[in-house]
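Here is the structure we will look at.
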Amino acid sequence: MTFKSVRESIRDTIAEEMRVDPNIFLLGEEVGEYQGAYKVSQGLLEEFSSKRIVDTPITEAGFTGLAIGAAMNGLRPIVEFMTWNFAMQAIDHIINSAAKTFYMSGGKINIPIVFRGPNGIASRVAAQHSQDYSAWYSHIPGLKVLSPYDSNDASGLLRAAIRDENPVIFLEHELLYNEKFDIDTNEDQISIGKAKIMIEGSDISIISYSRGLETALEVEKTLSQKSISAEIINLRTLKPLDKDTLIESIRKTNKVVVIEEGWSQCGVGSEVISVIVENAFDYLDAEPLRFSGKDIPLPYAENLEKLALPSSEVIVKKCLEIC
Amino acid sequence: MSVNGHASIISKLGGGKKLTIRLNDLTDENINEKTVYSWVQQGIPDKWKVAVARCLLEDNIDVDKYKELLPPGMSIDNLTAANNSIKIFSESKVLKASEKEIVLNIDKNLALNIYQLMLKVRRFEEKVGQLYSMGLIGGFCHLYIGQEGIISGIESLASEDDCFITGYRCHAHMVSRAEPLLNIFCELLGKNGGSSKAKGGSMHLFKADKNFFGGHGIVGAQVPLGTGIAFANKYLNKKTVTFCFFGDGAVNQGQVYEAFNMAALWQLPIIYIIENNQYGMGTSVERASAMTELFRRGESFGIKGYEIDGMDPLSLHLCMKKIYQQVLNENKGPILIEAKTYRYRGHSMSDPGKYRTRQEIQETRENRDPIERVRTFLIDNNFYSEDELKSMDNKIKEEVLSASEEARDMDLPKESILFDDVYYENGINK
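Each protein sequence line maps, in turn, to chains A and B. All residue numbers for the first sequence refer to this note's numbering, where the first residue is 888 and numbers rise by one. All residue numbers for the second sequence refer to this note's numbering, where the first residue is 3 and numbers rise by one.
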């Protein structure tokens, strides 16, 4: 076991894969000389040179289209968005040019590309720089959507993403970059489409992804003090969703809680609950609980920002009501 | 600086005669040779010093040494910036091969190739128009009729390794990249055997084995994509040129300029071709573009632009050939071409046609038609007789007819393919 930050795990995985395949390159704003806006690409320019660590102008639509074109023609780009908020400038290319081309061409042209960067709610940067895009990209056929929580997820899922022959959306979290976790070398490459049961439990299933798992783990701790055994499921892959693991868990615990930072309408939580209601309706002993970001643009003030996000106290209270 | 110094500058710049021509090109003023010769004795007048310094900079002659030429307060850096813009503006221009050049450089075979491809595209598109009117083709359908000179003039100089990408007016590019007509008809008719398994339709045609990358439905999207294709070719050290086609409507999309910037920044081997058919849907260039000399749209990125008559395929071929060689062999990419053309049919099949007159279409057809132009060339040069050309046309018509009939007899795609090709793992011909 080694102990490593999420940030270093991402960087090291990119480097390891780039050493093996010369057609992999990283491009984005400030990835090279600046060493990455969030220092994720630190040191890569020195090892791989400016041919493969490509600093772009601030031109998201342009460089996203360019990278997809390069992927059509034999390269395997890793596109870094400084944050996913800026990818809205480029979402047309991600969906219309990357996700749909393999189907529209009748399987002639595939796009092996990874789009990655920090997603979700950052700290005190207000609405335009704080949003969870998980539901947006999970909606699109042709995309795979991955959402790592710890260092293990970060390296194992990213390796799978880079080796995948399809466009992959890789949603990191700025507030997890500095967190350090154990690395399980048995999970060098994590299968896309498989959720992970982080803690086994028998009374209630708490399902989340990315930083929502911090909250989920806090809730689990409090519940366990009250002798309630919660099962914690880390989705890892948001598309394709690991329905089997979810259904199996609900058949065991008969209760479900979903936690996400994103907004509730048409969100990841609503999808997870739909899957459970459709497939394990008879096993449910209580109404499914959904906790999400409040239905407002994220405010700036510290207290308001906190209020806008799911809180473990509220979740614990609701869980106790149904357990 | 002494007068002797000035004399040596003039000689370094190729002598009085050459310098006169350059100064006239560089500025709005008229200056004659005699005056420039007089500077050898009298020194360069203040008024002309900056222009002369620009010439030195252009020729990479050590300007530092001659910085006294510059007026107080002007640094070499200012001059560099000024020089870049002057250089670019003076090089964007209209290109045209003369009749003499065409006769000398285009032989019978080449002219025939261009002619036959144009004719094949036209007969194909005419048949597509018919099938659409019969209700056999669904959705949007954009015909290339009138614009055939562009793809034919370019295909006849490109190699199979060169890459093509375009927007949704893409049938002609499939024909030119030698996709069997049957497969294209099947795609348009939504039948089994279609180029994209009947999943893409008219706007999403691809021929990956001949480096045709589609067929893109979002106006302007093909420009960054094409730029990426060129990026990959450069990255992989492949000696090829990417031809990226888009219309006069696409030139006002922001992403086009994002792509231009990166292509110029990284000197990518790409030729952008604006197929200016005068109307983006029903909006004329004048009603859509503040600056209508579209070939100059790359100037602020240092991209040289040329206007070429797209209705004159032989001239276009010769002009493009020079540019192609420069991009291929001399790393002169990116280059921007505006090919002036005209579409005889509506933007798509549902075009009400209220934005232009019948007379305008009629006049263009009668006076500027690219196929007629090359036909005349083939006859005037005694390469082929009217009868021979007529029988060629009949043969192409037969080929088109039989492919379309065969496509109509094909089955609908199997329902079992519905979920194929969403992801690579369930791609069938991966």
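The beta-carbon is built from N, C-alpha and C at its ideal position, and this holds for glycine as well. Given the structure is predicted, the values throughout are model-derived calculations rather than measurements.
Nearest by alpha-carbon distance to residue i: which of the options is it?
i                       : options                        : result
residue 890 of chain A  : A:1066, A:931, A:987, A:975    : A:1066
residue 1069 of chain A : A:1106, A:1188, A:1017, A:1038 : A:1038
residue 973 of chain A  : A:1046, A:1121, A:1015         : A:1015
residue 1186 of chain A : A:1018, A:958, A:904           : A:1018
residue 108 of chain B  : B:380, B:253, B:247            : B:380
residue 1 of chain B    : B:388, B:169, B:244, B:259     : A question about residue 1 of chain B goes unanswered here, because the residues of chain B that appear run from 3 up to 432.
residue 977 of chain A  : A:908, A:1021, A:951           : A:951
residue 925 of chain A  : A:958, A:1188, A:967, A:1046   : A:967
residue 1172 of chain A : A:1138, A:1055, A:1153, A:957  : A:1138
residue 203 of chain B  : B:214, B:419, B:189, B:406     : B:189
residue 165 of chain B  : B:209, B:197, B:138            : B:209
residue 1071 of chain A : A:1040, A:993, A:1046, A:1105  : A:1040
residue 997 of chain A  : A:918, A:1092, A:1029          : A:1029
residue 1117 of chain A : A:1124, A:1108, A:995          : A:1108
Could you tell me which residues DSSP puts in a beta bridge with residue i?
i                       : result
residue 96 of chain B   : B:309
residue 512 of chain B  : No statement about residue 512 of chain B is possible, as the shown extent of chain B runs from 3 to 432 and does not include it.
residue 1117 of chain A : A:1091
residue 942 of chain A  : A:915
residue 1031 of chain A : A:1055
residue 374 of chain B  : Answer by DSSP bridge pairing: none, since residue 374 of chain B is not bridged.
residue 891 of chain A  : A:1068
residue 244 of chain B  : B:165, B:272
residue 209 of chain B  : B:214
residue 41 of chain B   : Residue 41 of chain B pairs with nothing; no bridge assigned.
residue 1060 of chain A : A:1006
residue 1178 of chain A : A:1146
residue 285 of chain B  : B:282
Which of helix, strand or coil does DSSP assign to residue i?
i                       : result
residue 1084 of chain A : strand
residue 869 of chain A  : Residue 869 of chain A cannot be examined here, being either before or after the span of chain A that is shown, 888 to 1210.
residue 88 of chain B   : Its pLDDT being 48, under 50, residue 88 of chain B is placed unreliably by the model, and nothing is read from it.
residue 1018 of chain A : strand
residue 993 of chain A  : coil
residue 1002 of chain A : strand
residue 898 of chain A  : helix
residue 1045 of chain A : helix
residue 1026 of chain A : coil
residue 967 of chain A  : strand
residue 923 of chain A  : coil
residue 988 of chain A  : helix
residue 956 of chain A  : helix
residue 249 of chain B  : strand
residue 63 of chain B   : coil
residue 1141 of chain A : coil
residue 1198 of chain A : coil
residue 354 of chain B  : coil
residue 385 of chain B  : coil
residue 226 of chain B  : helix
Flag residue i as yes if its beta-carbon sits less than 8 Å from any beta-carbon of chain B, otherwise no.
i                       : result
residue 1028 of chain A : yes
residue 905 of chain A  : no
residue 990 of chain A  : yes
residue 1211 of chain A : One cannot answer for residue 1211 of chain A here, as it falls past the ends of chain A, which runs 888 to 1210.
residue 959 of chain A  : yes
residue 915 of chain A  : no
residue 962 of chain A  : yes
residue 1004 of chain A : no
Spell out whether any CB of chain A is found under 8 Å from the CB atom of residue i.
i                      : result
residue 238 of chain B : yes
residue 263 of chain B : yes
residue 34 of chain B  : no
residue 170 of chain B : no
residue 194 of chain B : no
residue 2 of chain B   : Residue 2 of chain B falls outside the range modelled here, since chain B spans only 3 to 432, and no answer is possible.
residue 422 of chain B : yes
residue 227 of chain B : yes
residue 425 of chain B : yes
residue 1 of chain B   : Lying before the first or after the last residue shown, residue 1 of chain B is absent from chain B, which here runs from 3 to 432.
residue 241 of chain B : no
residue 206 of chain B : yes
residue 272 of chain B : no
Unbroken stretches of the beta strand (DSSP E), 3 residues or longer, contained in the region 164-194 of chain B | Runs of the beta strand (DSSP E) inside the region 164-194 of chain B: 165-168.
Note down, one range per segment and in chain order, each alpha helix (DSSP H) of at least 4 residues found wholly within the region 93-167 of chain B.
-> Runs found: 101-107, 110-135, 150-157.
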